[in-house]
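Taking it in order: structure first as structure tokens, then the write-up.
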Amino acid sequence: MQISTLIYLVRRVINAVVTLLLLIFLIFVLVHTIAPTPVALARIYCGSPHCPPAELQVIIQQYGLSLPLPVQFAHYVVNIFHGNFGTDTLYKVPELQVIGELLPITLELVITGLIFAVIIGLFTGSLAAANRNNPVDYTVKAVYLVTWSAPVFLVGFILQLFLAYELKLLPPSGLANPTLGNPSPVTGYPYLSVVPQPLQGWLSGLVRAITSPPLIAAAVDGDWRFFVSAVHHLVLPALAIAITSFGVVTRLTRASMIDALDRDYVKLSFMKGLSKNRVVYGTAFRNAVIPIITLIALLFGFSTAGAVVIEDIFQYHGMGYFTVQAIYNLDYIAILAITIIVGISVIAANLVADLLYGWADPRVRLE
Amino acid sequence: MGVKEIVKKFLGYRGTIPTATVVKEGRLSGYRFYLDYLIKDKVAAVALAIITLFTAWSVVEGTLQYVGYATRHRALGWALLPSNPIALNFAASLHPPSLSHFPVYIFGTNFSGESILSRLLYAAPKDALAAYLVVFSGIIIGMLVGTFAGYFGGWADEVLMRVTDAFLALPGLVLAIALSVLLGSGYNSVLISLILIWWPTYARFFRAQALSLKSRGFVEASKLSGQNSLMIILRHIFPNSVDPVIAYAALDFGNVILTYSTLAFLGIGIQPPYPEWGSMSSNGLPYFPQNWWWSIIPGLVIMTVVVCFTLIGDRMQDLIGGRLTY
């Protein structure tokens, strides 16, 4: 590994950690601005506006809410880095455990949606660039202006109405066919005895989280009928996410394709007598695709937010659905935990995008 | 006229697009310049007409609602509507869209027999107020914070950049959910949380403008002639950085409406029985797909308004030339 690559890597990671700390600080400040006194804070932790005063005092003691603010902030950060987000007021289990199992389900949905979005976006974007300033270009532009202006729930409803209820192509809701029975969870970790004792609980939690999305669970269990059903149930919500977010990819692809098509090496390819399709989709496309990587983090955040609504409409029981439940139950602890975990995911996506960009375009690393 | 011409006529740009230099020449061009251009473009003209109608209706209806609220004559709020938007009428429950009793049933009714059309019209001022208030507050806060940070630089600038980084690390909707739930449900808390999350983009934008403007000749000249910093900012930096932000703001009105109605869809904001575009759509969820109009028509109305804002913003960005950087 070259030294410049290493410096690039380290700088990006430090940047991500600093942003994360700032995000935690921001949320801490906002919560303390909204609830400035220990009693008001305790009400948030209690999860009910009608908490008896005695219980409030217990909570203040338990969470140290009357301590000086810097001490509280230190506790808050340490707790978050230990994965201690508080106890869910509804399920009465640690928040990390609930979200740990629900987040991968949402990630599966969001990542599938993003893959669809990038495919649609790259295709329409290069189509528009190759037919610049003619009806194809204008039609593509009209389509993406409408789709990115559509509220995500409208897209969900329309897909459900036409593809699921009218044409009966795909199932309208749920994670998988409920009559199939869930794939059996991964049991008996043979590798657990190898790792030291304190890590075992953590590791088994991690394995449970990774195997919680329906596709992975079915594949690990070898239950292929469930797998097919899960794929069928995944397509519509993922498509809804893709439709609301592909416009950004189209727009950037079009711009960078137009830029690439004006370059000398593309002109050379034309002069060599290569066909238009070969030049557009072979030569120009390969270089125009690189800037799309920078969109990954942006799209990821946008789609994760959209997944909250999509999961509500499609009864897709992941973290988004859990968020909606938390809003209805005024479960503040859950909402704060979700906010921070989504923040961590988006910052991680940012980091991945930065590293990918550095890999795809070596010039970036030298800056 | 062939298909190509029709498509070009309705989707393409009409006339010649003025080059960026025209705008950059000075502020002479102003709003008349944009307006001229937008009216010449047929699609943009339609969008502008719809937005004008939406805004004008919101002002009239919003004033009536406010006067009705202040004078305790709530009925004034629905004096102009085809029917009372919050009166239960179970005889007309779940009436599909039809032309009978025009225009009351044109968009159908919900479970309580309330006309969807009346409820949509009644809720319009809330969306308009959210869009305009949030964007303009964002611009004002962003302008003050961003310009000063960019102009003076130093640690204030550093702090600002890091704070906006933290804000922009999260998707706006997620932060808005957390803030408005913490603030307690209600229209005001949604507005406050939207304003809180909306200003950082503008702050970064104005900072970039101030950074590039402060080394320009006319600012340097003003500095040399002994003008104090405050006057330089007021006379030179502010006026010159506002123009490019207009195009982005036009697009942003639509974004605010989308976020606001998504929050309403999730049950945050105005509480029943008062209607709200997003929450009307989610209230129809249990009755979907048999009573599709309840969920879909409010969504289509939101989309129409947002598409119009997006179109205008998009055309204005073309006009200014290139995407904005912030």
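Chains C and Z are the protein sequences, given in the same order. Positions -3 to 363 (our numbering) are the ones given, in order, by the first sequence. Positions 177 to 502 (our numbering) are the ones given, in order, by the second sequence. We put the CB at the ideal spot given by N, CA and C, even for glycine.
Asked, Found
"Whole-angstrom C-beta distance between C:Thr246 and C:Thr120, which should lie under 8 Å", "5 Å"
"Residues that DSSP places opposite C:Thr83 in a beta bridge", "C:Pro90"
"Interface residues of chain B facing C:Leu26 [CB-CB closer than 7 Å]", "No chain B is part of this structure, whose protein chains are labelled C and Z."
"The region 248 to 264 of chain Z / the region 277 to 297 of chain Z touching (three or more Cβ pairs under 8 Å)", "yes"
"Coarse secondary structure for Z:Glu285, derived from DSSP in three states", "Checking the sequence, you will find Thr at residue 285 of chain Z rather than Glu. Of the three classes helix, strand and coil, the one that applies to Z:Thr285 here is strand, per DSSP."
"Cβ separation of C:Leu347 and C:Val9, assumed to be a contact under 8 Å, to the nearest whole Å", "7 Å"
"Range of the contiguous alpha helix (DSSP H) that encloses C:Glu162", "First-last for C:Glu162: undefined, no H or E at that position."
"Inter-residue spacing [alpha-carbon to alpha-carbon] between Z:Pro301 and C:Leu92", "41 Å"
"Cβ neighbour criterion (16 or more within 10 Å) applied to C:Val275", "buried"
"Candidates Z:Thr323, Z:Ile373, Z:Leu495 and Z:Leu211, of which the one nearest Z:Leu387 by Cα", "Z:Thr323"
"Proximity of C:Val244 and C:Gly117 at Cβ, strictly below 9 Å", "yes"
"Residues within the region 334 to 353 of chain C neighbouring chain Z, beta-carbon criterion of under 7 Å", "Thr335, Val338, Gly339, Val342 and Ile343"
"Continuous alpha helix (DSSP H) stretch holding Z:Tyr378: start and end", "Tyr363 to Leu389"
"Burial state of C:Val385, where buried means 16 or more other Cβ atoms lie within 10 Å", "In the structure displayed, chain C extends from -3 to 363; residue 385 of chain C sits before or after that span and is not available."
"Secondary structure of Z:Ile401, DSSP reduced to three states", "The sequence given here places Ser at residue 401 of chain Z; Ile does not occur at that position. Z:Ser401 falls in the coil class under three-state DSSP."
"Presumed contact (8 Å Cβ cut-off) between Z:Arg383 and Z:Gly326, rounded CB distance", "4 Å"
"Selection of the region 132 to 155 of chain C by Cβ proximity to chain Z, strictly under 8 Å", "Tyr134, Thr135, Lys137, Ala138, Leu141, Val142, Trp144, Ser145, Ala146, Pro147, Val148, Phe149, Leu150, Phe153 and Ile154"
"N-terminal and C-terminal residue of the alpha helix (DSSP H) that C:Arg39 is part of", "Pro34 to Cys42"
"Straight-line gap, Z:Thr480 to C:Tyr261 (C-alpha atoms, nearest Å)", "43 Å"
"Neighbour list for C:Leu19 in chain Z, Cβ cutoff strictly below 8 Å", "Ala342, Ala345 and Leu346"
"Touch test, the region 481 to 489 of chain Z against the region 394 to 410 of chain Z, Cβ-Cβ under 8 Å, three pairs minimum", "no"
"Candidates C:Leu195, C:Thr33, C:Arg39 and C:Pro49, of which the one nearest C:Leu65 by Cα", "C:Thr33"
"Residue(s) in a DSSP beta bridge with Z:Ser291", "Z:Thr285"
"Spatially closest choice to C:Ala344 from C:Ile292, C:Leu332 and C:Ala333, by CA coordinates", "C:Ile292"
"Endpoints, the alpha helix (DSSP H) within which Z:Phe278 is located", "Z:Phe278 -> no alpha helix (DSSP H), and no H or E assigned at all."
"Three-state secondary structure (DSSP) of C:Val190", "coil"
"Extent of the continuous alpha helix (DSSP H) run through C:Val307", "It is worth fixing the name first, because residue 307 of chain C is Glu in this sequence and not Val. Its alpha helix (DSSP H) spans residues Leu291 to Ile309."
"Within-9 Å CB hit, Z:Ile317 to chain C", "no"
"Nearest-angstrom Cα separation, counted from Z:Asp419 out to C:Met253", "29 Å"
"Interface flag, Z:Leu187 vs chain C, CB-CB below 9 Å", "Residue confidence is low: Z:Leu187 scores 45 on pLDDT, short of 50, so the model does not pin down where it sits. No coordinate-derived value is stated."
"Classification of Z:Glu396 by the beta-carbon crowding that lies within 10 angstroms, buried from 16 upward", "exposed"
"Z:Thr340 versus Z:Phe328 - alpha carbon distance", "17 Å"
"Partners in chain C for Z:Gly444, counting only beta-carbon separations shorter than 8 Å", "First, the residue type needs correcting, since residue 444 of chain Z is Ile and not Gly in the sequence shown. Under the 8 Å cutoff, chain C gives Ile323."
"The alpha helix (DSSP H) enclosing Z:Arg250, as first and last residue numbers", "No alpha helix (DSSP H) contains Z:Arg250, which DSSP labels as neither H nor E."
"C:His78, buried or exposed, once every other Cβ within 10 Å from all chains shown has been counted against 16", "exposed"
"Residues in the region 467 to 482 of chain Z having any Cβ partner in chain C nearer than 7 Å", "Trp468, Ser471, Ile472, Gly475, Leu476, Ile478, Met479 and Val482"
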